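What follows is a single structure, written as structure tokens, with notes after it.
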Amino acid sequence: MVVKWMKAWYLALRILFPSERRLCNEVFFGFSSAGDLSFMEICKELINDLLNFPETLAIERRSFYYLHRCLKLIQT
Numbered sequence: 001m002v003v004k005w006m007k008a009w010y011l012a013l014r015i016l017f018p019s020e021r022r023l024c025n026e027v028f029f030g031f032s033s034a035g036d037l038s039f040m041e042i043c044k045e046l047i048n049d050l051l052n053f054p055e056t057l058a059i060e061r062r063s064f065y066y067l068h069r070c071l072k073l074i075q076t
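Each residue of the sequence shown is one higher than the last, beginning at 1 in UniProt numbering.
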């Protein structure tokens, strides 16, 4: 489960977010504030889900080893 979460983070940070940012900039060319707001709304829920995963894992599994790995990844 943690490995899948780490892969999801990698894909989101390296592929999804930069691609969405470029798309918002192209669609809202000349309206940077609209592009920023659109990008924020598109990515907000995914970011919240990815950031809440370690807490959910700790509550459900009581696995401090996995929680430590997740928190270490977030810090880097």
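Every residue, glycine too, gets a C-beta built ideally from N, C-alpha and C. In this text the structure is predicted, and so the values were computed from the model without any measurement.
Distance between Ile15 and Asn25 (C-alpha atoms, nearest Å): Residue mapping note: residue 25 aligns to position 25 of the sequence shown, counting from 1. Residue mapping note: residue 15 aligns to position 15 of the sequence shown, counting from 1. The straight-line gap from Cα to Cα measures roughly 16 angstroms.
Contained alpha helix (DSSP H) runs [length at least 4] in the UniProt domain "Exocyst complex subunit Exo70 C-terminal" (4-73), N- to C-terminal order: 17-27, 32-61
Nearest-angstrom Cα separation, counted from Met40 out to Arg21: As a working mapping, residue 21 is identified with position 21 in the sequence shown. As a working mapping, residue 40 is identified with position 40 in the sequence shown. If you take the alpha carbons of Arg21 and Met40, they lie about 9 angstroms apart.
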